[in-house]
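For the sequence shown, the UniProt record's numbering assigns the number 1 to the initial residue and increments by one for each residue that follows.
Below: the structure, in structure tokens.
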Amino acid sequence: MAMIAMGVPRAFPAPPAPSGRTEAPVPFTLQPGSGPDWSLTSADGPTKDEVLTARAGSGLTNLRTLRLDTTATDLRTVIAKPGSAFRVARHSHLTYTIFPVADPLSLTDDATYTSLDILFTDGTRASTLGAHDLSGADLTAQGQGAGRALYPNQWTLV
């Protein structure tokens with residue numbers, strides 16, 4: 001089973017930012033749910049059995065996390081919506097932290113093939129616009145896994 005614990009996304013202007021602009025957290029509302037192969041909940045963070053290099057029971061940047069537990073190999077769902085409108089410009093940086101939990105019975109690290117996609121109000125998705133992470137890997141599940149951008153059982157800033 002691949003399990004993911006994610007910190008809440010943040011939006012901030014790309015550097016160099018004009019003076020007066022700072023990092024601005026975007027409040028998101030959780031839409032808990034479940035399906036045949038997945039569940040999404042608000043959680044305290046990875047458990048002590050899952051975490052190797054961080055504090056168990058909390059997120060990296062927040063006390064709470066969005067936790068997606070899944071056995072599905074191809075899962076696409078809306079997991080959160082902004083609590084307030086915010087503008088994303090061409091050079092905006094959107095960041096989030098993610099904690100892929102490795103399956104101890106698998107050597108493929110399926111959980112590292114995970115990405116947070118953004119659906120914009122015009123219907124386009126960040127994954128189709130050439131978005132990439134801080135290391136240059138495509139911001140798609142395949143791109144994150146192939147680019148070895150995520151580390152199993154560790155928080156990663158994307």
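Virtual Cβ for every residue (Gly too), placed ideally from N, Cα, C.
So the beta strand (DSSP E) residue i belongs to, where does it begin and stop?
i	result
Ala-43	38-43
Val-101	97-101
Using CA coordinates, which residue listed in the options is at the minimum distance from residue i?
i	options	result
Ala-89	Gly-35, Gln-142 and Leu-129	Leu-129
Thr-65	Asp-103, Gly-45, Leu-105 and Thr-53	Gly-45
Pro-152	Asp-117, Ser-106 and Ser-39	Ser-106
Asn-62	Leu-68, Ala-43 and Val-51	Ala-43
His-132	Thr-121, Pro-36, Leu-119 and Gly-147	Gly-147
Asp-138	His-91, Gly-35, Arg-67 and Thr-114	Thr-114
Pro-100	Ser-39, Thr-156, Gly-35 and Thr-41	Thr-156
Ala-141	Thr-124, Ala-126, Gln-154 and Leu-116	Leu-116
Thr-112	Asp-122, His-93, Leu-68 and Gly-145	Gly-145
Leu-119	Ala-102, Gly-143 and Phe-86	Phe-86
Gln-154	Gly-35, Ser-58 and Asp-37	Ser-58
Trp-38	Ala-149, Ser-127, Gly-143 and Asp-69	Asp-69
Asp-103	Glu-50, Gly-35, His-93 and Pro-36	Glu-50
His-91	Ile-98, Asp-109 and Ala-126	Ala-126
Ile-98	Thr-47, Gly-123 and Leu-60	Leu-60
Asp-109	Tyr-96, Asp-122, Thr-71 and Gly-123	Thr-71
Quick check on residue i: does DSSP put it in helix, strand or coil?
i	result
Thr-47	coil
Thr-65	strand
Thr-112	helix
Ala-92	Sequence inspection shows Ser at residue 92; the Ala mentioned does not correspond to that position. Looking at Ser-92 - three-state DSSP - the assignment turns out to be strand.
Gly-57	coil
Leu-157	strand
Leu-119	strand
Thr-70	strand
Thr-22	At Thr-22 the pLDDT is 43, less than 50, meaning the model places this residue with poor confidence; the figure from the coordinates comes in the next sentence. The answer is coil: DSSP assigns Thr-22 none of H, G, I, E or B.
Kindly examine the ligand FMN and report whether one of its heavy atoms sits closer than 8 Å to the Cβ of residue i.
i	result
Pro-100	This structure lacks the ligand FMN, and indeed carries no ligand of any kind.
- Runs of beta strand (DSSP E) lying entirely within the segment 121-147, each at least 3 residues, in chain order: Complete beta strand (DSSP E) runs here, min 3: none at all.
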